[in-house]
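Structure first, commentary second.
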Amino acid sequence: MRLNNKSIDINDSVNIDVLGNSKINIINPDSDIKLNIHLKDNSNLIINDFNETKNDIDYNIIQDNNSIFNMYHTFRISDNYNINYKVNFLGNNNINNVYIHGVSNGMVSMNVDGILPSGGENNIVNEDIKVLTIHGSCFISPMLHVSNLNVIANHKTAISKIDENIIFYLESKGINRASAEELIENGYLYGIYEDKEFIKRIRSDINE
Amino acid sequence: MLKIDNLTVSVNNKIILKDFNMEIKDSEVVALMGPNGVGKSTICKVIMGDPNYIVESGSITYNNEDLLKMDVVTRSKKGIYLVNQNPIEVEGVTNADLLRSAVEEKTNERINIFKFDKELTGICDELDIPKSFIHRDVNVGMSGGERKKNEILHLYMLKPDFIMLDELDSGLDVDNLRELSLALTKYLNEDKKRSCLIVTHHTNILEYIKPNKVNILMDKHIVETGDYSLAKKIEVSGFKGEENETK
Ligand SMILES: Nc1ncnc2c1ncn2[C@@H]1O[C@H](COP(=O)(O)OP(=O)(O)O)[C@@H](O)[C@H]1O
Ligand SMILES: [Mg+2]
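Top line first, the protein sequences correspond to chains Z and C. FYI, in our numbering the residues of the first sequence are 19 to 226. FYI, in our numbering the residues of the second sequence are 5 to 251.
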């Protein structure tokens, strides 16, 4: 498949070449997803991804030159869930931003790998991963293979429990615990999307 | 009416209040004063039901019911409301989200968005709060004074009967303190059931919301009770008489 200035919906396992400005939206896939994505020179891709299913995701990203990749991924899981994410830079001047926010009520395991080979100059990787473990657990294994000094690699992960002080605060306004947790979760998840249309789609999708 | 009898409270296995007694009748405004760290915020948290604060002995009755048997949500639904000393930030949850949830749970029916928005907007006008607050995350990125205002916005929407103001004056400038105090006085006067506990270590706020009673908390319990003149005396001579700790 080839994306060129296009926005598509995916529910499958595919190889994608990206040109121009493109966007992929994924809401609750029907099966495990495997995407091999190749960002060609000067391309720009946004992935908006929301998952409440136990279907795993496996993303393999390759970036050539001067490309920008942004992934906004959230999940709310009460089963086993595996995320495999890998980025590899073949050329120079690429940006790769990965934002993952999740709520784990089950077992979540995440491998997030970045390969910044010695040949590539001025590549930037930002990984920002936050997982709220309400009634479950989470394991994150980040790996950045950096063989070039002329790159920037930022990596932030946080796994936290729900803040009981916030629960108390919401309860003191008359909101019961279940609703309080839901409010906090939704804020936590929807908060990362810059695309407000996508939030509307999630809301209508899960209310149907 | 709220009545506290011989209350002993601990936090982290440390006794903070011992044989604490206090009574707040309907339509009364009662001030609780005392130096830093004596347990003023503690008593507010206990009344609200914060699980970090353990009641070792004693009782609290609210409108002749055993308050200590009620969970936090029940206390709130029965009309108890705390304006925290440092209102907490709730990221990702807007004032509208919070209030919609709270009002729906209280009334047990789905909210009419049109009426709800109109009411919130009206309250913002009355309290001189920017309407943009409605869709801001609760207390996130707000100054100390703005957070207090934000809590009063919630209060106006939830219409509690027994209000605790924990250091409302901290973070508010004089003009804001006066305006909010006037608004609260008006709110309290609208219904005879309404009463208020003002926790402070300054007397400024008491000039605007006149207390019927002033209690001084020291050494884990109330050591002195009087009228407004007691607060004035404290302002001049401090809590311990000689050194001036009020400012
Ligand atoms: N959550 C808490 N954990 C541990 N200690 C606390 C907690 N809350 C209050 N304390 C302690 O209890 C005492 C009274 O605190 P507080 O009620 O906040 O005082 P005040 O409001 O009068 O300044 C202080 O010694 C304080 O350190
Ligand atoms: Mg205090």
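By construction, the Cβ of each residue, glycine as well, lies at the ideal position given by its N, Cα and C atoms.
Residue ranges of each beta strand (DSSP E) within the stretch 87-114 of chain Z, 3 or longer: Within the stretch 87-114 of chain Z, the runs of beta strand (DSSP E) that reach at least 3 residues and sit entirely inside it are, in chain order, 98-107.
Using beta-carbon positions only, say whether V143/Z and H173/Z come within less than 9 Å of one another. Yes; because the gap between Cβ atoms is below 9 Å, this pair is in contact.
Would the C-beta of I118/Z count as close to ligand 1, meaning under 8 Å from any of its heavy atoms? Flag unset: Cβ of I118/Z not near ligand 1.
Could you tell me whether the stretch 158-176 of chain C touches the stretch 106-123 of chain C, using the rule of 3 or more Cβ pairs below 8 Å? Contact holds: three or more Cβ-Cβ distances are below 8 Å.
Within chain Z, the residues that E171/C reaches when beta carbons sit closer than 7 Å: Chain Z residues near E171/C: none, gap ~16 Å exceeds 7 Å.
Measuring CA to CA, which of L53/Z, D48/Z, L63/Z and S31/Z is closest to L37/Z? Looking at the Cα atoms, L63/Z is the closest of the given residues.
Could you confirm whether any beta carbon from chain Z is found closer than 9 Å to the beta carbon of I20/C? Chain Z, which has no Cβ nearer than 9 Å to the Cβ of I20/C, makes this no.
Counted within 10 angstroms of its Cβ, other Cβ atoms place K73/C as buried (16 or more) or exposed: Answer is exposed; the Cβ neighbour count stays below 16.
Skipping 5 residues on each side, what residues in its chain have a beta carbon closer than 7 Å to that of E199/Z? So the qualifying residues of the chain are I152 and I180.
Please go through the same chain and pick out, in chain order, the residues whose beta-carbon is closer than 6 Å to the beta-carbon of V50/C, but skip the five residues on each side of it. When the five nearest sequence neighbours on each side are left out, the beta carbons in the same chain lying within less than 6 Å of the beta carbon of V50/C are those of V13 and Y57, in order along the chain.
Taking just the CA atoms, how far does V203/C sit from N100/Z? Separation of N100/Z and V203/C (C-alpha to C-alpha, rounded to the nearest whole angstrom) is 51 Å.
Any beta strand (DSSP E) of 3 or more consecutive residues that is wholly inside the stretch 40-119 of chain C: Counting whole runs of 3 or more residues, the stretch 40-119 of chain C contains the beta strand (DSSP E) stretches 58-66, 84-87 and 94-98.
Against chain A, which members of the stretch 51-77 of chain Z pass a CB distance test of less than 9 Å? Judged by its chain identifiers, the structure shown contains no chain A, and its protein chains are Z and C.
Which residue from I133/Z, Y208/Z, I202/Z and I44/Z puts its Cα closest to that of N69/Z? The residue with the shortest Cα to Cα distance from N69/Z is I44/Z.
Just curious, the beta strand (DSSP E) that Y77/Z is in, first and last residue? Looking at the DSSP string, the run of the beta strand (DSSP E) that includes Y77/Z is I75 to Q81.
Please confirm whether any heavy atom of ligand 1 lies closer than 8 Å to the CB of Y77/Z. Incorrect: Y77/Z has no Cβ contact closer than 8 Å to ligand 1.
Determine whether the beta carbon atoms of G137/Z and N166/Z lie at a separation below 9 Å. For G137/Z and N166/Z, yes; Cβs fall inside 9 Å.
What is the DSSP secondary structure of M26/C, counted as helix, strand or coil? In the structure shown, M26/C sits in a strand (DSSP, three-state: E or B).
CA-to-CA distance, M37/C to K197/C, given in whole angstroms: Rounded to the nearest angstrom, the two C-alpha atoms are 24 Å apart.
For chain C, check one thing: does any of its Cβ atoms lie closer than 9 Å to the Cβ of I118/Z? Output row for I118/Z: interface = no.
For D170/C, is the beta carbon positioned less than 8 Å from some heavy atom of ligand 1? Because some heavy atom of ligand 1 lies under 8 Å away, the Cβ of D170/C counts as near it: yes.
List, in chain order, every chain Z residue whose beta-carbon is nearer than 7 Å to that of S136/C. Residues of chain Z passing the Cβ test: none, with the nearest at roughly 16 Å.
According to DSSP, is N204/Z part of a helix, a strand, or is it coil? Looking at N204/Z - three-state DSSP - the assignment turns out to be helix.
Pull up the DSSP beta-bridge partners for P160/Z, would you. Answer is V130/Z.
Secondary structure at N144/Z, three-state DSSP: helix, strand or coil? Strand at N144/Z.
Quick one: any contact between the stretch 64-78 of chain C and the stretch 229-238 of chain C, if contact means 3 or more CB pairs under 8 Å? A contact between stretches requires three or more CB pairs, one per stretch, nearer than 8 Å, and the stretch 64-78 of chain C fails this requirement with the stretch 229-238 of chain C.
Any heavy atom of ligand 2 closer than 8 Å to the beta-carbon of S14/C? The beta carbon of S14/C sits no closer than 8 Å to any heavy atom of ligand 2.
Kindly indicate if chain C contains any beta-carbon less than 9 Å away from that of R195/Z. Chain C, which has a Cβ nearer than 9 Å to the Cβ of R195/Z, makes this yes.
What I want to know is whether the C-beta of I20/C ends up closer than 8 Å to one or more non-hydrogen atoms of ligand 1. Yes, the beta carbon of I20/C sits closer than 8 Å to at least one heavy atom of ligand 1.
Cα separation between V97/C and H119/Z? Rounded to whole angstroms, V97/C to H119/Z spans 15 Å at the Cα level.
Rounded to the nearest angstrom, how far is the Cβ of I202/Z from that of T175/Z, given a contact under 8 Å? In fact, because the Cβ distance is near 19 Å, the residues do not count as touching under 8 Å.
Which chain Z residues are close to M52/C, counting only those with a beta carbon under 7 Å from its beta carbon? What M52/C touches in chain Z: S190.
Just mark R79/C as buried or exposed, buried being the case when its beta carbon has 16 or more other beta carbons within 10 Å. Result: buried.
Listed by chain order, chain C residues near F216/Z by CB distance under 8 Å: By Cβ distance, chain C contributes nothing, its closest Cβ being about 16 Å from F216/Z, past 8 Å.
From K82/C to I156/C, what distance separates their C-alpha atoms? Looking at the two C-alpha atoms, the distance is approximately 18 Å.
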